Amino acid sequence: MLALSAAAPIQAKDDAFDWSGKLQAGYQYDSNVNIRELDQNTERSDQALVTEAQLGLQWRPWRKLEVKAGAQHSDYAYQEFTAFDLAITTLNGEVSYDFDVVKIGMSRHDADAKLASSDFLDYQLDTLYLSRLWGKQWFTRFAYEDTDKQFANLSERNATAKAYSGDVYWFTPSAKSFITLGYTDHDETADDPQFSYNGSTLRVRWQTRAPLWGNEHTWQLGWQLENRDYVQPMPDRNSARDEQRQSVQAKWQIPLSEAFRFTPKLEYVDNQSNFTDVDYQETTASLNFSVHF
Numbered sequence: 000m001l002a003l004s005a006a007a008p009i010q011a012k013d014d015a016f017d018w019s020g021k022l023q024a025g026y027q028y029d030s031n032v033n034i035r036e037l038d039q040n041t042e043r044s045d046q047a048l049v050t051e052a053q054l055g056l057q058w059r060p061w062r063k064l065e066v067k068a069g070a071q072h073s074d075y076a077y078q079e080f081t082a083f084d085l086a087i088t089t090l091n092g093e094v095s096y097d098f099d100v101v102k103i104g105m106s107r108h109d110a111d112a113k114l115a116s117s118d119f120l121d122y123q124l125d126t127l128y129l130s131r132l133w134g135k136q137w138f139t140r141f142a143y144e145d146t147d148k149q150f151a152n153l154s155e156r157n158a159t160a161k162a163y164s165g166d167v168y169w170f171t172p173s174a175k176s177f178i179t180l181g182y183t184d185h186d187e188t189a190d191d192p193q194f195s196y197n198g199s200t201l202r203v204r205w206q207t208r209a210p211l212w213g214n215e216h217t218w219q220l221g222w223q224l225e226n227r228d229y230v231q232p233m234p235d236r237n238s239a240r241d242e243q244r245q246s247v248q249a250k251w252q253i254p255l256s257e258a259f260r261f262t263p264k265l266e267y268v269d270n271q272s273n274f275t276d277v278d279y280q281e282t283t284a285s286l287n288f289s290v291h292f
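The structure is reproduced here in structure tokens:
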């Protein structure tokens, strides 16, 4: 549900101060409406209106120091399963310094999630990272993440987590295409031990930009494999819960003008587990219009 992670490296502008924003609205079909954080899935499909707004600020008081701040709000309003309506507001800040040999940065994300208009989850993510651009075609990023989750009505699921991640990017000489390979080791401790787990995630992503119909289009393909091994045996069972989650995603960004974009997106998830409630498959398809400024 909450995806707070680093995107592809972006070349910062030389301006001392810059800002950007995005407004987006679209339609999403979901073959299996669910809330992973609560181990709930309906095994039924629905349609949702999806809206999103983003604002980002960037300040460079001098060349090697960069300060960023941002805000984002997203809203999923389902046609039938209104109890699964989800609204997430995220505030973030980041400061980094480029030492030439390596860039060191720290960031903070604070997310507030509401489910069916009621308080659901507060999520905090602190990250310390090191990154480096090796020439013009290789980029690496290593990070330590500290997470705190607080549920409004389910204190037994409150948890803290520590994670270590590494990502390697390879760019084509034109820098219009790249492939990235990443790995994360995640250790989560919940107030109730039955929700504590050790996990790992392997991810691969490919992205390219190319001219089509007089404009430059962007295509993206991604694959991710996540494993979770829970620490404590499930109630009334002798074995501990385990999960293996594979997902495949495809996205196509079509420019309609300098500011407007149309983005079809398709994702398939196969979540396998010895816990029946979270053994399921899900397909989501969405069409989104956005304006960038």
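Mapping of the sequence shown onto numbering that gives the first Met the number 0: position 255 corresponds to residue 254, and the numbering continues sequentially without gaps.
By construction, the Cβ of each residue, glycine as well, lies at the ideal position given by its N, Cα and C atoms.
These numbers come from a predicted model, not from an experiment.
Beta strand (DSSP E) segment containing E225, residue limits: Within the sequence shown, the letter at position 226 stands for residue 225. Looking at the DSSP string, the run of the beta strand (DSSP E) that includes E225 is 214–232.
Whether S106 touches E93 by CB criterion (8 Å): Taking the first residue of the sequence shown as position 1, residue 106 is located at position 107. Taking the first residue of the sequence shown as position 1, residue 93 is located at position 94. Taking 8 Å as the Cβ cut-off, S106 and E93 qualify as a contacting pair.
Exposure of F98, with buried meaning 16 or more beta-carbon neighbours within 10 Å: Indexing the sequence shown from 1 puts residue 98 at position 99. Exposed, by the Cβ-count rule.
Given 8 Å, three or more beta-carbon pairs between the region 50–70 and the region 29–42: no
Span separating the alpha-carbon of S164 from that of V66: Numbered from its first residue, the sequence shown carries residue 164 at position 165. Numbered from its first residue, the sequence shown carries residue 66 at position 67. One C-alpha to the other measures close to 22 Å.
Terminal residues of the beta strand (DSSP E) in which A86 lies: On the sequence shown, position 87 is the one that residue 86 refers to. Element bounds for A86: 85–97.
Option nearest S44 by Cα separation, candidates G20, E79, A15: Within the sequence shown, the letter at position 45 stands for residue 44. Closest option to S44, Cα to Cα, is E79.
Within-8 Å CB hit, D97 to chain B: The structure shown contains no chain B; it holds only a single protein chain.
Candidates K113, T139, A47, of which the one nearest V101 by Cα: Counting from one through the sequence shown, the residue named residue 101 turns up at place 102. When each option's Cα is compared against that of V101, the closest is T139.
Extent of the continuous beta strand (DSSP E) run through Q71: As a working note, residue 71 is residue 72 in the sequence shown. 64–77 is the span of the beta strand (DSSP E), which, as asked, contains Q71.
Spatial neighbours of E215 in its chain, beta-carbon cut-off 6 Å, leaving aside the 5 residues before and after: Your numbering for residue 215 matches position 216 in the sequence shown. Excluding positions up to five away in sequence, the list reads R208.
CB contact flag (A115, Y122, <8 Å): Stepping through the sequence shown from its first residue, residue 115 is reached at position 116. Stepping through the sequence shown from its first residue, residue 122 is reached at position 123. Going by C-beta atoms, A115 is not nearer than 8 Å to Y122.
Cβ-Cβ distance between F292 and G20 below 8 Å: Residue 292 sits at position 293 when you count from the first residue of the sequence shown. Residue 20 sits at position 21 when you count from the first residue of the sequence shown. It is a contact, given that the beta carbons lie within the stated cut-off.
Counted within 10 angstroms of its Cβ, other Cβ atoms place Q57 as buried (16 or more) or exposed: Counted from its first residue, the sequence shown places residue 57 at position 58. The residue in question, Q57, is buried, as its Cβ has 16 or more Cβ neighbours within 10 Å.
Whole runs of the beta strand (DSSP E) within the region 106–150, excluding any shorter than 3 residues: 117–133, 137–150
CA-to-CA distance, A82 to L265, given in whole angstroms: Counting from 1 along the sequence shown, the entry for residue 265 is found at position 266. Counting from 1 along the sequence shown, the entry for residue 82 is found at position 83. Cα-Cα distance, rounded: 24 Å.
Per-residue DSSP class, three states only, for V268: For the purposes of this step, residue 268 is taken as residue 269 along the sequence shown, with counting starting at 1. Of the three classes helix, strand and coil, the one that applies to V268 here is strand, per DSSP.
Outcome for E187 when other beta-carbon atoms lying within 10 angstroms are tallied against a minimum of 16: Residue numbering aside, residue 187 sits at position 188 when the sequence shown is read from its first letter. So E187 ends up on the buried side.
Residue from N226, N270, A142, P232 whose Cα sits closest to the Cα of F194: Taking the first residue of the sequence shown as position 1, residue 194 is located at position 195. It is P232.
Given E36 as reference, the closest of S173, Q23, F119, Y279 once Cα atoms are compared: In the sequence shown, counting from the first residue as 1, residue 36 sits at position 37. With distances taken between Cα atoms, E36 lies closest to F119.
Length of the line joining the Cα atoms of S4 and S173: In the sequence shown, counting from the first residue as 1, residue 4 sits at position 5. In the sequence shown, counting from the first residue as 1, residue 173 sits at position 174. Reliability of the predicted coordinates at S4 is poor, the pLDDT of 40 falling under 50, and the value obtained from them is presented with this limitation in mind. So the alpha carbons of these two residues sit roughly 25 Å apart.
C-alpha distance - Y143 paired with D228, whole-angstrom precision: Taking the sequence shown and counting its residues from 1, one reaches residue 143 at position 144. Taking the sequence shown and counting its residues from 1, one reaches residue 228 at position 229. So the alpha carbons of these two residues sit roughly 21 Å apart.
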